[in-house]
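This note's numbering puts the last residue of the sequence shown at 420; the count rises by one with no breaks. Where a beta carbon is used, it is the ideal one built from N, C-alpha and C, also for glycine. Only one structure is covered here, and it is reproduced in the block below.
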Amino acid sequence: MNNHILGDKKKSNFDENLADVVNKIFDNMPERTESAPKIVSPGKKVILNYYSANGGGSLTQDFWLKYWNEKNDGEIMASMADFYQAFKQLKHKYETGTPGEKKDVEDFCKNLRYDMRSSMGNAGVLISSTTIIYTQINLQGRIIHHYNCKEKELIKEYYPWIPVCMMTPIESLCASGFIFLGILFNTKDDHETIIQTLEFISGLNRSKIVVETALSNKFVNFVNDATRENHPKRLAGFVLHDKTELSIVGHYMIEGNHGHSRGVRYE
Numbered sequence: 154m155n156n157h158i159l160g161d162k163k164k165s166n167f168d169e170n171l172a173d174v175v176n177k178i179f180d181n182m183p184e185r186t187e188s189a190p191k192i193v194s195p196g197k198k199v200i201l202n203y204y205s206a207n208g209g210g211s212l213t214q215d216f217w218l219k220y221w222n223e224k225n226d227g228e229i230m231a232s233m234a235d236f237y238q239a240f241k242q243l244k245h246k247y248e249t250g251t252p253g254e255k256k257d258v259e260d261f262c263k264n265l266r267y268d269m270r271s272s273m274g275n276a277g278v279l280i281s282s283t284t285i286i287y288t289q290i291n292l293q294g295r296i297i298h299h300y301n302c303k304e305k306e307l308i309k310e311y312y313p314w315i316p317v318c319m320m321t322p323i324e325s326l327c328a329s330g331f332i333f334l335g336i337l338f339n340t341k342d343d344h345e346t347i348i349q350t351l352e353f354i355s356g357l358n359r360s361k362i363v364v365e366t367a368l369s370n371k372f373v374n375f376v377n378d379a380t381r382e383n384h385p386k387r388l389a390g391f392v393l394h395d396k397t398e399l400s401i402v403g404h405y406m407i408e409g410n411h412g413h414s415r416g417v418r419y420e
């Protein structure tokens with residue numbers, strides 16, 4: 154049975170019995186079908202900027218989108234799909250490169266982790282140009298890569314089912330049967346490849362990689378204004394909590410959440 158409420162019971166506050174009821178309801182809904190969409194990739198090598206944009210400045214996603222649309226140097230704001238492809242390229246270069254190339258990759262990864270880091274008194278997120286818009290009817294949502302990009306041909310939009318993930322271990326999400334991660338990273342890679350790529354880029358074991366999506370009024374038994382019904386539009390990005398846990402975030406509100414950004418170009 155697919156789980157529509159996924160979480161780490163040690164960290165999350167939700168009613169297990171309520172989750173079971175809701176999961177059964179959704180499993181029996183005839184329209185609850187999810188087939189893999191056609192994944193569209195640039196078909197080119199992704200060149201991710203080594204440096205954080207705007208001198209390492211911290212802005213909201215809306216301001217970053219405006220910043221990149223006003224630039225005319227051939228770079229655009231990196232999406233979750235761009236980050237994932239760049240991570241794969243770095244992993245491959247490390248595994249096949251010379252000692253000097255391995256050192257370059259190690260430095261690049263440390264640089265990326267710095268942009269993702271979040272520690273006590275220092276909340277941070279590596280913000281992508283991917284936006285998630287949740288529906289107010291069911292668990293389906295819209296994932297839009299290169300949201301509001303001036304290069305309209307790069308904008309890709311999908312409509313997956315997005316489970317409620319509350320610090321959900323990535324292996325649990327992968328085992329649930331949802332294709333959410335593949336669409337978030339715009340890849341046909343299997344779950345094992347995705348997990349190994351994230352392990353490499355974060356320097357963490359898979360047990361320390363979690364996924365977070367927006368809560369829902371329908372499926373939690375506590376009052377929380379930050380639900381997908383109240384605030385359907387969210388940013389997607391990466392957060393490294395105290396250097397010990399990588400979170401793939403899809404629940405941060407666009408307003409008020411600042412973070413770093415990277416530029417990307419294709420070759």
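- Out of N383, I401 and N264, the CA that lies nearest to the CA of E365 is found in I401.
- K303 has no beta-bridge partner at all, per DSSP.
- As a beta-bridge residue in DSSP terms, P322 pairs with V363.
- When the beta-carbon positions are compared, L279 and R415 come within less than 9 Å of each other.
- For Y204, there is no enclosing alpha helix (DSSP H), as DSSP marks it with neither H nor E.
- With the rule of 3 Cβ pairs closer than 8 Å, the stretch 380-387 does not count as touching the stretch 343-356.
- Here the alpha carbon of C262 sits roughly 28 Å from the alpha carbon of A328.
- For G330, the number of other beta carbons within 10 angstroms of its own is below 16, and it is reported as exposed.
- Take C302, set aside five residues on each side of it, and the residues of its chain with a beta-carbon closer than 8 Å to its own are L218, W221, N222, I229, M230, S282 and I308, in chain order.
- Rounded to whole angstroms, the gap between the alpha carbons of M406 and S211 is 15 Å.
- In the DSSP assignment, S355 falls within the unbroken alpha helix (DSSP H) covering H344 to S355.
- The Cβ neighbour count for I285, taken over all protein chains shown within 10 Å, is at least 16; the residue is labelled buried.
- D226 has its alpha-carbon roughly 20 Å from the corresponding atom of D215.
- Annotated three-state conformation of K386 is strand, per DSSP.
- D235 and V258 do not touch by the CB rule: their CB atoms are close to 17 Å apart, not below 8 Å.
- Excluding the 5 residues flanking it on each side, A389 has same chain C-beta neighbours closer than 6 Å at M233, S281, T283, I285 and G403, in chain order.
- Contact check for L326 and L337: beta-carbon distance about 10 Å, past the 8 Å limit, so the pair fails to qualify.
- Counting C-beta atoms within 10 angstroms of its own C-beta, G294 has 16 or more neighbours from the protein chains shown and is therefore classed as buried.
- According to the DSSP secondary-structure assignment, E420 is paired through a beta bridge with no residue.
- Contact between S360 and L399 is ruled out by a C-beta separation of about 11 Å, above the 8 Å threshold.
- R381 sits in coil when the DSSP states are folded into three classes, being neither helix nor strand.
- E254 is positioned such that its CB atom lies no closer than 9 Å to that of K241.
- Of the candidates N358, N291, E248 and G409, N291 places its Cα closest to the Cα of P313.
- Here V417 is near L201, since their CB atoms are less than 9 Å apart.
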